[in-house]
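The number in our numbering is simply the position in the sequence shown, starting from 1, with 63 added.
Every residue, glycine too, gets a C-beta built ideally from N, C-alpha and C.
Inspection log for the structure reproduced underneath, given as structure tokens.
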Amino acid sequence: MTNGARRRMGVEERREQLIAVALGLFSHRAPEEVSIDEIAEAAGISRPLVYHYFPGKQSLYEAALRRAADELAARFVEPHEGPLGARLLRVMERFFDFVDEHGPGFSALMRGGPSIGAMEGVGSGRTSAMIDGVRQAAYEQILSHLGVEEPAPRMELVVRSWISLAETTALIWLDSRAIPRGELERQLVHDFAALAAVSAAYDAETAAILGRVLADEPSDGPFGDLLTRLMALAPQPS
64 MTNGARRRMG
74 VEERREQLIA
84 VALGLFSHRA
94 PEEVSIDEIA
104 EAAGISRPLV
114 YHYFPGKQSL
124 YEAALRRAAD
134 ELAARFVEPH
144 EGPLGARLLR
154 VMERFFDFVD
164 EHGPGFSALM
174 RGGPSIGAME
184 GVGSGRTSAM
194 IDGVRQAAYE
204 QILSHLGVEE
214 PAPRMELVVR
224 SWISLAETTA
234 LIWLDSRAIP
244 RGELERQLVH
254 DFAALAAVSA
264 AYDAETAAIL
274 GRVLADEPSD
284 GPFGDLLTRL
294 MALAPQPS
């Protein structure tokens, strides 16, 4: 028989629980709207016990953001199998899964999470470093899929610009959800191809990479779909 007593958590286990609870709350409401009392209640412990594990709301918030940043970076990890267009589409689907699941938390992460820091007199340098780490991880993942270790300046510009575009697109989509999510995921894959194509017109190295990528693309894949759409825009001969 059990006596109904709660199992006592170890220090790290309790910290992990509080981070998970805080991330869940921050994912559905603006961080400044979530109180320590709410976090304590959701975790089933007292307010003083929360402060035993975290010195303040800012430190708990940063720990939750770090967890979110690690999870977001993991969404860009994709097996190196199949055409690049299909790989990027799967990455964008997982990326928007995260955006959908963590709305306000994603917005706070991408914008550096300054609100709580401003309230408690803490700068946003650490949170900015977290999102820079996510961007760098995404950048390195895309380069690995392109088979490039030391990109030329134009290739670096393509990849970093595309990552920035994906962030901005997701933030705008969260505000209104006016465009179907699936369409945006595919459009962002098309955007990557378009950015690479423009740079290829100016840079031989980018052109060589793009030519290698396109050689493996099926006509019914995302990149083939873009070509079909562009050809449909051309005026038909009378």
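Opening and closing residue of the alpha helix (DSSP H) in which residue i lies
i	result
A297	Looking at the DSSP string, A297 is not in any alpha helix (DSSP H), and its letter there is neither H nor E.
V74	74-89
I205	188-209
G166	166-173
Y116	110-116
S282	No alpha helix (DSSP H) contains S282, which DSSP labels as neither H nor E.
Y265	Taken as a continuous stretch (DSSP letters only), Y265 belongs to no alpha helix (DSSP H), as it is neither H nor E.
V97	Here V97 belongs to no alpha helix (DSSP H), and DSSP marks it neither H nor E.
R49	Residue 49 lies beyond the residue range present for the chain, which begins at 64 and ends at 301; the question has no answer from this structure.
R216	The displayed chain sequence assigns Pro, not Arg, to residue 216. Segment 216-239, the alpha helix (DSSP H) holding P216.
CA-to-CA distance, residue j to residue i, given in whole angstroms
i	j	result
Q199	H115	34 Å
A181	A201	Residue placement at A181 is poorly supported in this model, since its pLDDT is 45, which falls under 50; the coordinates still yield a value, given next. Whole-angstrom Cα-Cα distance: 29 Å.
W225	L289	16 Å
R150	V140	10 Å
V221	F255	8 Å
H208	A127	29 Å
V74	R129	19 Å
A271	G87	45 Å
P142	T232	25 Å
E248	G284	14 Å
V185	E203	Because V185 carries a pLDDT of 43, less than 50, the predicted location of this residue cannot be relied on, and the following value inherits that uncertainty. Spanning the two alpha carbons is a distance of roughly 30 Å.
P118	M173	24 Å
I99	L81	11 Å
R71	G107	12 Å
L112	E101	13 Å
P281	R292	15 Å
P94	A171	8 Å
E79	M294	53 Å
P298	D195	44 Å
F286	L123	43 Å
L152	E246	11 Å
A260	E144	22 Å
V197	P216	21 Å
L296	L258	19 Å
R223	L234	17 Å
F161	M155	10 Å
G188	V97	22 Å
Local Cβ density within 10 Å of residue i, reported as buried at 16 or more and exposed below that
i	result
P253	First, the amino acid is wrong: residue 253 is His here, not Pro. Its Cβ being crowded by 16 or more others within 10 Å, H253 is buried.
V84	buried
G210	exposed
S90	buried
I242	exposed
Y265	exposed
G148	buried
T190	buried
Q121	buried
E125	buried
A263	buried
P300	exposed
E213	exposed
For residue j and residue i, believed in contact at Cβ under 8 Å, the rounded distance
i	j	result
M193	T269	That pair is no contact at about 30 Å.
R138	F158	5 Å
D279	P146	5 Å
R92	A103	Rounded, the Cβ-Cβ distance is 16 Å, inconsistent with contact.
A206	L228	Sequence inspection shows Leu at residue 206; the Ala mentioned does not correspond to that position. No, L206 and L228 are not in contact; Cβ-Cβ is about 17 Å, not under 8 Å.
heavy atom of the ligand GDP below 7 Å from residue i C-beta
i	result
A105	Questions concerning the ligand GDP fall outside what the structure shown contains, since it holds no ligand whatsoever.
Practice prompt. Give a yes or no on contact between the stretch 271-280 and the stretch 234-249, applying the rule of three or more CB pairs nearer than 8 Å.
Written response: no
Item to complete: Decide yes or no for the touch test of the stretch 158-174 against the stretch 131-138: beta carbon pairs closer than 8 Å, at least 3 of them.
Response: yes
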